[in-house]
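S.K.:
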Amino acid sequence: MKIGIDISCFLVKRKTGISWYAYYLVTNLAKIDKENLYILFGCSIEKYKEKFYLQRKIKSENFYISVKILPNKLVSSLQMIFPVEILHGKFDLIHILVQPYYCLNIYGKQIITFHDLGYIIFPSWFHPLEVETFKFAVIRAIRKSDKIITVSNSTKEDLINYFNVKPEKISVVYEGVDDFFHRVEDKERIENIKRKYGIYKKYLLCVCTVEPKKNHIRLVNTFAKIKEKIPDYQLVICGKLGWKKKEFLKKLNELPVRVRKDIVLTNYVPYQDLPLLYSGSDIFIYPSLYEGFGLPILEAMRCGVPVITSNVSSMPEVAGDAALLVNPRDEEEIGWAILKLIEDNELRKKLIEKGLKRSEMFTWENTAKRTLEIYKELS
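If you use our numbering, the sequence shown closes out at 540, no skipped numbers anywhere.
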């Protein structure tokens, strides 16, 4: 079987969760499947060199990379009109890794991975044009795809409830966490990373793009409310400033100086720095209002950090009983959880132990194995 996988989401300058989903899926498929022929296709101008990065990582003879030097956004739009085979040849099966993009293909079957439906469920968080574009593309992708993969049962239920998709058309395949994320015990390296990002106290860590659904305004409000009780702590927010960042920055500037000076915005953080930042933190806080999966929860757990996260959408599904679950809209409850973890060493130890065990249940090898099973079902 000739399988085409769209790796366009990996061919970007600043990689986020979906980029790494693509990377770890294809590299692990290369480890376990020596029979099928794979074409990893995409288009990019500025990051064409990522093709060679993947070639170094994937040494299987049945994997080929076809990256065209063309604008990715333009091609993504044209692929809804012109068959993908024009650029990359015929396939028996195509796997699109990012909703809502739909590749028109004439010959093969198609699978699409849905990560979340935030644009549909919470349209006020996004630009109206993006919402309408997403909705149109989702409806078309659902109609044309032969199979849908979701990264959680939560997203599966969203597709069923909002678009009336038949449950049997959807398969849940969890994401994984790589061994790259592990506890770093080297104190000198931890201190170096803290200096790099202007961290000079113990700290609470949040890793995610600054945008409405991530709930940063309530997080900094909570930090302000409990600051007098934890004067020796900073709040470190790692992530690029995204949609509606001005609202967040305005709120930040309204906080008292004594609070604001202990809130660190790192902006985008290179992947290699994340295990160090996780390992140096005392608590990881992920109070998102909505997630399709919530990979940073597992990354923090793998690095031996106790986790506080939300009790909505996919986050309880990912965290299980290995984290403190809170109502993300209740600042008092978030504050209580932070103070509880700072004061209760036994609870911290218990959550760290449970978190390490929980994170071991989610591996990229399992993700690849289950995805390959779905490919075979459609062959």
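Every residue gets a Cβ at the ideal spot worked out from N, C-alpha and C, and that includes glycine. Note that the structure is a prediction, hence the values are computed from the model and not measured.
From what residue to what residue does the beta strand (DSSP E) around SER542 run?
M.R.: An answer regarding residue 542 cannot be provided, because it is not within the stretch 162 to 540 covered by the chain.
S.K.: Measuring alpha carbon to alpha carbon, tell me which of ASN189, GLU493, ILE354 and LEU438 ends up nearest LYS218.
M.R.: ASN189
S.K.: Counting Cβ pairs closer than 8 Å, one from the segment 460-475 and one from the segment 435-452, do we hit at least three?
M.R.: yes
S.K.: Going by the DSSP bridge assignment, what does HIS256 pair with across the sheet?
M.R.: ILE166 and ILE272
S.K.: Counting C-beta neighbours from all protein chains within 10 Å, is the total for ARG490 16 or more, i.e. buried, or is it exposed?
M.R.: exposed
S.K.: Give the straight-line distance between the Cα atoms of LEU176 and ASN428, rounded to the nearest whole angstrom.
M.R.: The residue asked about is misnamed: residue 176 is Lys in this sequence, not Leu. Distance between the alpha carbons of LYS176 and ASN428 is about 13 Å.
S.K.: Below 9 Å between beta carbons: does that hold for VAL612 and PRO436?
M.R.: Because the chain spans 162 through 540 in this model, residue 612 falls outside it and cannot be assessed.
S.K.: Any idea what DSSP makes of ASN197, helix, strand or coil?
M.R.: coil
S.K.: Look at the Cβ atom of ALA183, then the Cβ atom of CYS170, and state whether they are nearer than 9 Å.
M.R.: yes
S.K.: For THR274 versus VAL245, is the C-beta distance shorter than 9 Å?
M.R.: no
S.K.: What is the DSSP secondary structure of LEU450, counted as helix, strand or coil?
M.R.: Taken through DSSP and simplified to helix, strand or coil, LEU450 comes out as coil.
S.K.: Taking contact to mean at least 3 C-beta pairs separated by less than 8 Å, is the segment 333-344 in contact with the segment 366-378?
M.R.: no
S.K.: Quick one: what's GLN395 bridged to in DSSP?
M.R.: TYR364
S.K.: For SER540, count the other beta carbons within 10 Å of its own beta carbon; 16 or more makes it buried, fewer makes it exposed. Which is it?
M.R.: exposed
S.K.: By alpha-carbon positions, which one of LYS251, TRP286 and ASP277 ends up nearest to LYS270?
M.R.: LYS251
S.K.: If we count the other Cβ atoms within 10 Å of its Cβ and call it buried at 16 or more, is ASP167 buried or exposed?
M.R.: buried
S.K.: Within its chain, find whatever has a CB closer than 7 Å to the CB of GLU291; leave out the 5 residues flanking it on each side and keep chain order.
M.R.: Once the five neighbours on either side are set aside, the close Cβ partners of GLU291 are TYR280.
S.K.: Identify which residue in LYS174, LEU254 and SER227 has its Cα closest to the Cα of THR532.
M.R.: LEU254
S.K.: Taking ASN322 as part of the alpha helix (DSSP H), name the residues at either end of that continuous run.
M.R.: Here the alpha helix (DSSP H) through ASN322 covers 314-324.
S.K.: Output the distance between the C-alpha atoms of LYS163 and ILE535, rounded to the nearest integer angstrom.
M.R.: 14 Å
S.K.: Report the three-state DSSP secondary structure of LYS405 (helix, strand or coil).
M.R.: In the structure shown, LYS405 sits in coil (DSSP, three-state: anything other than H, G, I, E or B).
S.K.: List the residues that DSSP assigns as beta-bridge partners of ASN428.
M.R.: CYS399
S.K.: Which stretch, first to last residue, makes up the beta strand (DSSP E) that contains LEU456?
M.R.: That residue, LEU456, is in no beta strand (DSSP E); its alpha helix (DSSP H) goes 456-463.
S.K.: So TYR536 is in the alpha helix (DSSP H); what residue range does that whole segment cover?
M.R.: Bounds of the alpha helix (DSSP H) holding TYR536 are 525-539.
S.K.: Please check the pair LEU416 and ALA385, which I expect to be a contact at CB under 8 Å, by giving their CB distance rounded to whole angstroms.
M.R.: 5 Å
S.K.: Expressed to the nearest angstrom, what Euclidean distance is found between the alpha-carbon atoms of GLN395 and ARG350?
M.R.: 19 Å
S.K.: Does the Cβ-Cβ distance between ILE487 and GLU478 come in under 9 Å?
M.R.: It is Val, not Ile, that sits at residue 487 in the sequence shown. No. Outside cutoff.
S.K.: Report the residue from ALA529, TYR451 and TRP497 whose alpha carbon sits nearest the alpha carbon of PHE283.
M.R.: The option with the nearest alpha carbon to PHE283 is TYR451.
S.K.: Suppose you measure from the CA of VAL468 to the CA of ASN506; what does that come to, to the nearest Å?
M.R.: 14 Å
S.K.: Out of ASP319, LEU402 and SER520, point me to the one whose CA is closest to ASN376's CA.
M.R.: LEU402
S.K.: With distances taken between CB atoms, is the gap from GLY400 to VAL430 smaller than 9 Å?
M.R.: yes
S.K.: For GLY359, count neighbouring Cβ atoms within 10 angstroms of its own Cβ and tell me buried if that reaches 16, exposed if not.
M.R.: So GLY359 ends up on the exposed side.
S.K.: Check whether the Cβ atoms of SER474 and TYR447 lie closer than 9 Å to each other.
M.R.: no
S.K.: Quick one: using the 10 Å Cβ neighbour count with 16 as the cut-off for buried, is SER449 buried or exposed?
M.R.: buried
S.K.: Short check: CB of LEU500 to CB of LEU438, under 9 Å?
M.R.: Going by C-beta atoms, LEU500 is not nearer than 9 Å to LEU438.
S.K.: Just to confirm, is the Cβ distance from PHE202 to VAL228 under 9 Å?
M.R.: yes
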